[in-house]
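>
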Amino acid sequence: MPRPLAGLTRRTLVTELTAGVTLLAIAIPLNIGYAQIAGLPATAGLYALIVPTVVYALVVSSRQLVASPDAAAAALVASSIGGLAVAGSADYATLALAQAILCGGMFVLLAVFKLGFLANFLSKPILVGFVGGLALDIMISQIAKMLGVKIDSGAEFVDKVVALVTGLPSLNGWSVLLAAVSVAVLLLGQRYLRAVPWALIVLVATTITVVLTGLDGRGVDVLGEVPAGPPALTWPIIDWSLWLALVPSAIALTLVTTAEGLLVSRSYAEKHRYPFHANRDLLAFGVANVAAGAQGSFAVGSSTSRTAAMDQAGSRTQLPALVLAVGTLLLLLFGTALLADIPSPAIGAIVGVAIIPLLGIRDFIRLWRLDRFEFVIGAVCFLVTLFVGSIAGILVAFVLALVNLAQRASHPAIDVLETSGDPGESLLEDAPAGTTTAPGVIVVRLAAPLFFANGAVFSAAVKEAVRAAGPSAVQHVVIDMEAVTDVDVTGAEAFQALREWLDAQSISLAFSRVRPNTLRRLRSLGILDREPVYATNRAAITELAPADAASPAPNRKGS
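If you use full-length UniProt numbering, the sequence shown corresponds to residues 1 to 559, in order.
#1: Give me the Cα-Cα distance between Gly83 and Leu242, rounded to the nearest whole angstrom.
#2: Express the C-alpha separation of Val21 and Ile251 in angstroms, rounding to a whole number.
#3: DSSP state of His476, grouped into three classes?
#4: Quick one: Cα of Arg130 to Cα of Leu400, how far?
#5: Would you list the one or two residues that DSSP bridges to Ser68?
#6: Between the beta-carbon of Val287 and the beta-carbon of Gly104, is there less than 8 Å?
#7: Which partner residues does Asp415 have in the DSSP bridge list?
#8: Pro343 by DSSP, collapsed to three states: which one?
#9: Is there contact here, the segment 268 to 287 with the segment 83 to 100, by at least three beta-carbon pairs under 8 Å?
#10: Quick check on Phe334: buried or exposed, where buried means 16 or more other Cβ atoms within 10 Å of its Cβ?
#11: With DSSP run on the structure shown, which of helix, strand or coil describes Leu450?
#12: Beta-carbon within less than 6 Å of Ala461's beta-carbon, same chain only, minus the 5 sequence neighbours each way: which residues are those?
#13: Nearest CA to the CA of Ala75: which residue from Ala284, Leu134, Val66, Leu255?
#14: Between the alpha carbons of Thr485 and Lys463, how many angstroms are there, rounded?
#15: For Ala453, which residues of its own chain have a beta-carbon under 7 Å away from its beta-carbon, when the five flanking residues on both sides are left out?
#16: At the level of alpha carbons, what is the spacing between Ala232 and Ala483?
#17: Sort Thr254, Arg266, Val474 by Cα distance to Met106 and report the nearest one.
#18: With three or more C-beta pairs closer than 8 Å as the rule, is the segment 365 to 382 touching the segment 41 to 61?
#19: Is any heavy atom of the ligand COA found at a distance shorter than 7 Å from the C-beta of Ala309?
#20: May I ask you to report which of helix, strand or coil DSSP gives Val222?
#21: Would you mind working out which of Thr209, Thr15, Ile28, Gly116 sits nearest Gly327, comparing C-alpha positions?
#22: Go ahead and label Gly296 buried or exposed: buried means 16 or more other beta carbons lie within 10 angstroms of its beta carbon, across all protein chains shown.
#23: Ignoring anything shorter than 4 residues or poking outside the segment 98 to 158, list the alpha helix (DSSP H) runs there in chain order.
#24: Run through DSSP, which three-state label would Ala199 get?
#25: Nearest to Ala510 by alpha carbon, out of Gly378, Leu528, Ile391?
#26: So, is Glu500 buried or exposed, given that buried needs 16 or more other C-beta atoms within 10 angstroms?
#27: Can you tell me which of the three DSSP states Val487 falls into?
#28: At what residues does the alpha helix (DSSP H) containing Arg365 begin and finish?
#29: Cβ of Val416 within 8 Å of Cβ of Ala456?
#30: Determine the burial state of Asp503: buried for a count of at least 16 other Cβ atoms within 10 Å of its Cβ, exposed for fewer.
#31: Can you check whether the CB of Ala199 is closer than 8 Å to the CB of Ile37?
#32: Are Ala48 and Val300 closer than 8 Å when you measure CB to CB?
#33: In terms of residue numbering, what span does the alpha helix (DSSP H) encompassing Ser175 cover?
#34: Anyone know if the C-beta pair for Lys320 and Glu16 falls short of 8 Å?
#35: Could you have a look at residue 582 and say whether DSSP puts it in helix, strand or coil?
#36: Using the beta-carbon count (16 or more within 10 Å), is Asp159 buried or exposed?
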């Protein structure tokens, strides 16, 4: 069976087709709204549902993940391209195509070189903060639509808020009424009847209302004419300087989609026990984005909400995505006249309700309860994204990720065992029970690679253990290397400085249970040139062999 239809049976065919109709009902209004967020015509959102959706479904390993522009991607497109061209212009649209193609190329490179792990640097707090900042920026624009207030959707966040507040006296009462009813229907519908396509119902009902009552003549803004016809193949022709200017935003889009997309794809694969291949999924995002850029759309990512909706509808294949593509194509060929009178307040309500979970309110509350430092990381990323910009937000996110990593790596678990008279006497109360050493010997166990971030901390821990026991009572310090998988140059220098300090105290330094690779590394760094290597067990420390022996020290189990 073809890959997109893997798992399809006669019994599930009706369920999959029904899920496809549901996906069509959800995706069309949302993609129209996301195109407006990105500063592009409605067709840009609809085109993304045809060719990109089909090529993604044909390549991806996931049977359920839905690929489409989403709110965060649309906001990132708008914020990054807004400074290079005027929203709504031909140049602006061309830059959006080029950005999508760059994203596609980066996804392909990630897949070919198996670099998807880079997205692991976008931890949960960083994603919550980054996406939450974009979501709040989007929310201001959608509130303006719902109130009938004109603001520049491409402006900075503060400027949007100011324009919204100063424009409140000019709000349109009919727009507010349509939006309020739409929001109420969407929220109540999601709470009590989630399987019903409430977004489509709201869209149809409000459009009929506008047509029958002539509200567009009373100040209610409508979508306007949507060009009919299928997407046409194209290619952006821009200067190399503009291609380069788009690279940072393309990197941000790629990394965010990689982190979120692979996480969602893996979770559903594990939930329903079907194969998951990260590199194939990255390749699928790559070809989908190149297709988007080559046929008039913009960057495509993963849609968590639509994937969840398909899972709830019982879909376990990519057939709904193919139904979505066919349905959207038919709409563009024969039904674009139905879109002209869609009221903007209804679109604002649909998008606004859809992005409420992206604000991350619950996630921030949970982070505050679990880890204040990670909460600060998320909050800083949120504020930078909101007030400085999305590109600055992603850069700060990576810096914070590295700071968080270094902060954790610089405080590894260090167990110190010491006896200077009575075997079994432990320097630390929480030392592992039953572990003893010979009199006059301290064993220090480091449970991490020794590198620049923790070398000084480790050296200080050893010195403190010697001082606490009394230098005169200690003749040997043994470093248990079982959990040390690597040592860098800075870590080697820490070892050297520690050895010199111990030599001054007439204390020998030795190593036990050294891994073969680590042993070779220590020798190449000049650390094991004269000290003996020791092995430990629960009863004693036994000298094994000189450190310059040709073979790695064995891990003896007897004394």
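All residues carry an ideal CB built from backbone N, CA and C; glycine is no exception. Since this is a predicted model, take the numbers as computed values, not measurements.
Answer, in terms of the structure:
#1: 11 Å
#2: 33 Å
#3: strand
#4: Per the sequence shown, the amino acid found at residue 130 is Phe instead of Arg. Phe130 and Leu400: Cα-Cα distance of roughly 12 Å.
#5: Gly301
#6: yes
#7: Arg445
#8: strand
#9: no
#10: exposed
#11: strand
#12: Ile414
#13: Leu134
#14: 22 Å
#15: Ala406, Ala409, Ser410
#16: 58 Å
#17: Thr254
#18: no
#19: You won't find the ligand COA in this model; it holds no ligand whatsoever.
#20: strand
#21: Ile28
#22: buried
#23: 124 to 147
#24: helix
#25: Leu528
#26: exposed
#27: strand
#28: One detail in the question is off: residue 365 reads as Ile in this sequence, not Arg. Here the alpha helix (DSSP H) through Ile365 covers 361 to 370.
#29: no
#30: exposed
#31: no
#32: yes
#33: 173 to 192
#34: Position check: residue 320 holds Pro in this sequence, whereas Lys was assumed. Yes, the pair counts as a contact, with Cβ atoms nearer than the cut-off.
#35: In the structure as shown, the chain begins at 1 and stops at 559. Residue 582 is therefore absent and cannot be evaluated.
#36: exposed
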